[in-house]
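Notes to accompany the following structure.
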Amino acid sequence: MEAVDDFARITVQSELVTNEDQPETSDDPRVSAILEHPLQAVDHENTECGALLMHRTRSSALMMAAAMDHEVEVPGRVEITTDARPDLARTTVICGLRPGQKLRIVKYLAYGWSSLRSRPALRDQVAGALHGARYSGWQGLIDTQRSYLDEFWDSADVEVEGDPECQQAVRFGLFHLLQASARAERRAIPSKGLTGTGYDGHAFWDSEGFVLPVLTYTAPHAVADALRWRASTLDLAKERAAELGLDGASFPWRTIRGEECSAYWPAGTAAWQINADIAMAFERYRTVTCDHSLEKDCGLAVLIETARLWISLGHHDRHGIWHLDGVTGPDEYTAIVRDNVFTNLMAAHNLITAADACLRHPEAAQDMGVTTEGMAAWRDAADAVNIPYDEELGVHQQCEGFTTLAEWDFETNTTYPLLLHEAYVRLYPTQVIKQAHLVLAMQWQSHAFTAEQKARNVDYYERRMVRDSSLSACTQAVMCADVGHLELAHDYAYEAALIDLRDLHRNTRDGLHMASLAGAWTALVGGFGGLRDDEGILSIDPQLPDGISRLRFRLRWRGYRLTVDANHSTVTFTLRDGPGAELTIRHAGKDLELSSTKPTTISVHKHKPLLPPPPQPPGREPVHRRNMAAKVWASTAT
């Protein structure tokens with residue numbers, strides 16, 4: 001701060017606050033419940049220029065501490081005082097500045113938490129971090145941060161030419177994903193990250209399903225921490241399965257510490273898919289990074305126990321077909337069904353992944369009670385899993401009998417989201433879909449569907465999806481791009497990317513949508529970049545819409561750093577470093593050898609759509625980026 005014309009008396013107050021009042025909530029169950037003073041004060045102290053506050057959570061007794069300190073530079077006399085109370089610490093700086101004189105204040109903050117450390121140990125941890133920050137100084141901290149972010153962007157950046165809003169949004173999203181995960185240190189990544197109180201800080205299936213896939217390719221160290229946290233809750237998941245009369249482990253649908261926090265069975269515990277999502281996240285991490293230590297340390301146990309859960313949940317009928325009954329998939333408007341295609345395919349993948357992992361670690365698997373007969377049973381169930389298909393319509397059924405359910409009246413019921421306005425008793429028996437479900441199965445288990453099946457499925461289910469979840473747009477972008485509807489895919493990608501920057505769901509005040517921010521990367525890299533990895537090999541098949549002239553993205557794969565640079569006619573692969581001189585990937589269904597000695601440029605494989613772009617339910621069309629851009633320009637101009 002600098003005085004320019006006249007003498008100025010300056011007072012600056014710097015605060016550290018806990019238990020700050022939250023804004024009024026709404027009737028939306030996804031919004032957090034307002035807790036009055038959720039943190040209990042444990043201790044507080046102050047120095048001349050700083051303070052420390054310690055608190056614990058009411059029920060879980062997690063300890064946390066926050067401290068602040070200040071460096072004050074000013075010519076002449078200055079008065080500095082600090083006051084600390086249980087929930088508030090305030091440092092006040094008072095001085096006078098003559099014209100040309102400057103006041104410079106550097107504020108340092110340190111945070112710490114623990115479920116195990118004593119109060120003195122946690123206090124010392126935070127105080128030590130604060131002293132270390134002061135020793136490094138402002139410039140030292142800036143240099144360290146810049147180096148860290150340079151390393152991240154070197155493996156994560158996405159460049160989008162022709163769509164500046166998506167360009168800004170995907171970088172915005174990647175930064176927040178890093179913010180939410182880089183220092184999670186074996187704790188869950190909540191659905192709102194570090195940005196708000198929505199969902200009460202809980203983590204859901206979208207962490208392993210949407211957030212971790214992006215981080216696996218861009219910041220794998222953060223993924224290892226997140227998966228180690230999930231593995232640390234395995235005993236609780238085993239206890240939960242036992243309570244339900246099941247074998248293995250049943251991980252919670254909604255949690256902070258590992259216990260189930262969802263009270264609604266049909267859209268909570270019955271969503272067994274989270275167990276397969278977790279298994280897939282472990283397998284993807286191993287496949288992408290070639291780091292087998294995580295699987296050996298804790299992943300194998302997770303894979304084994306989730307496989308045991310599926311075997312106890314499913315059964316073979318008299319024809320030998322394996323079924324899963326009474327499950328709920330991603331579409332929470334169709335609950336407690338038989339043979340949900342998404343869940344069945346994910347369960348089969350979980351079973352095969354577990355069996356393969358046991359072969360890699362035979363002694364450890366034997367110690368955990370795995371037998372040859374048990375592994376054979378896992379593979380038999382996976383091979384015999386039922387995948388419902390409507391021969392007359394030529395589409396997969398989202399679940400058994402789905403295509404015979406009553407059609408939903410989209411013309412009459414136009415108030416969204418439906419979960420806030422319609423009773424589930426009306427939603428469950430109809431063909432109305434909350435979010436990408438079968439379409440998500442085609443993305444995550446792409447190899448299980450032919451190109452024609454994908455095209456027909458997208459055409460059928462696009463007409464019935466209302467996107468009442470922020471998780472849906474990115475998946476619809478990926479699969480619309482896959483079947484050649486590139487302009488529709490671009491609109492979905494825009495919606496996924498701009499959900500918070502444009503507050504498209506009108507609830508960004510509750511916190512950012514971490515999974516949708518991750519979905520911006522997925523829509524661009526998985527959709528227009530054509531990235532798939534479900535068969536254990538990196539497959540890239542770019543297709544760009546008219547509104548994007550060039551897409552350039554970076555990622556990590558098995559120790560290599562790969563840059564993919566695509567336009568409408570060619571794609572160039574640059575292998576920048578890695579454990580060897582060559583790498584085999586797949587492009588347009590064929591193996592492609594890449595060399596670290598020179599870039600590889602080939603022609604883009606054009607996808608010709610088999611069907612015209614499908615319509616959406618009335619009023620549920622994706623946000624059209626051109627219309628939105630025009631509105632933004634008009635509001636700016638006025």
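Counting from 1, position 549 in the sequence shown corresponds to residue 549 in UniProt numbering; the numbering is continuous, with no gaps. For every residue, glycine included, the Cβ atom is placed at its ideal position computed from N, Cα and C.
Please look up how many angstroms separate the CB atoms of residue i and residue j, rounded, as I've assumed it's under 8 Å.
i: F573; j: T600; result: 5 Å
i: residue 640; j: C474; result: Residue 640 lies beyond the range of the chain shown here (1 to 638); nothing can be said about it.
i: Y492; j: P614; result: Y492 to P614, Cβ: 12 Å. No contact.
i: L551; j: G529; result: 6 Å
i: A249; j: A237; result: 4 Å
i: E73; j: R104; result: 4 Å
i: L177; j: L583; result: Not a contact, Cβ separation roughly 26 Å.
i: F210; j: L512; result: F210 to L512, Cβ: 13 Å. No contact.
i: E15; j: A89; result: 7 Å
i: I256; j: G193; result: Wrong, their Cβ atoms sit about 14 Å apart, outside the cutoff.
i: A156; j: T218; result: 4 Å
i: V466; j: R620; result: 5 Å
i: N457; j: V395; result: 5 Å
Answer yes or no: the CB of residue i versus the heavy atoms of the ligand PLP, is any distance below 7 Å?
i: Y494; result: No copy of the ligand PLP appears in this structure; indeed no ligand is present at all.
Taking all protein chains shown into account, decide if residue i is buried (16 or more other Cβ within 10 angstroms of its Cβ) or exposed.
i: Q543; result: buried
i: M346; result: buried
i: S603; result: exposed
i: V4; result: exposed
i: V425; result: exposed
i: D503; result: exposed
i: T638; result: In this prediction, T638 scores a pLDDT of 44, lower than 50, which makes its location untrustworthy; the coordinate-derived value is nonetheless stated afterwards. When all chains shown are included, T638 counts as exposed.
i: K606; result: exposed
i: C290; result: exposed
Looking only at its chain, what residues have a beta carbon closer than 8 Å to the beta carbon of residue i, apart from the 5 residues adjacent to it on each side?
i: E45; result: A51, L52, A84
i: E159; result: Q167, R550, L551, R552, F553
i: A185; result: Strictly speaking, residue 185 in this sequence is Glu, with Ala absent from that position. The answer, listed in chain order, is D225.
i: C49; result: D69, H70, E71, V72, I80, T82, T91
i: T144; result: S136
i: residue 640; result: With the chain represented from 1 up to 638, any question about residue 640 goes unanswered, as that position is not in the structure.
Is DSSP giving residue i helix, strand or coil here?
i: E260; result: coil
i: W272; result: coil
i: H221; result: helix
i: I433; result: strand
i: H316; result: strand
i: A3; result: coil
i: I189; result: coil
i: C399; result: coil
i: E621; result: coil
i: G529; result: coil
i: G96; result: strand
i: E373; result: helix
i: W229; result: helix
i: H485; result: coil
i: W50; result: Just to set this straight, residue 50 is Gly in the shown sequence, not Trp. In this structure, G50 counts as coil in the three-state DSSP scheme.
i: G112; result: strand
i: F152; result: helix
Check whether the Cβ atoms of residue i and residue j lie closer than 8 Å to each other.
i: G198; j: D510; result: yes
i: F7; j: G112; result: no
i: Q435; j: D500; result: no
i: Y285; j: P220; result: yes
i: I352; j: A384; result: no
i: C399; j: V341; result: yes
i: D390; j: T372; result: no
i: A523; j: A496; result: yes
i: D546; j: S539; result: no
i: R254; j: F172; result: no
i: V439; j: L418; result: no
i: V42; j: R56; result: yes
i: A241; j: G326; result: no
i: W378; j: A364; result: no
i: R586; j: I537; result: yes
i: Y333; j: L393; result: no
i: S191; j: M442; result: no
To which residues of the same chain is residue i closer than 6 Å at the C-beta, ignoring the five residues directly before and after it?
i: A224; result: L294
i: P579; result: G559
i: A276; result: M346, A347, N350
i: Q397; result: P388, D390, T403
i: T92; result: Q13, T81
Got a sec? Which residues, its chain only, sit under 7 Å from residue i by beta carbon, not counting five neighbours each side?
i: P429; result: L405, A406
i: L212; result: V223, A226, A281
i: T18; result: L39, L53, H55, D87
Return no unless some Cβ of chain C is closer than 8 Å to the Cβ of residue i.
i: G140; result: Looking at the structure shown, chain C is missing, and only one protein chain is on hand.
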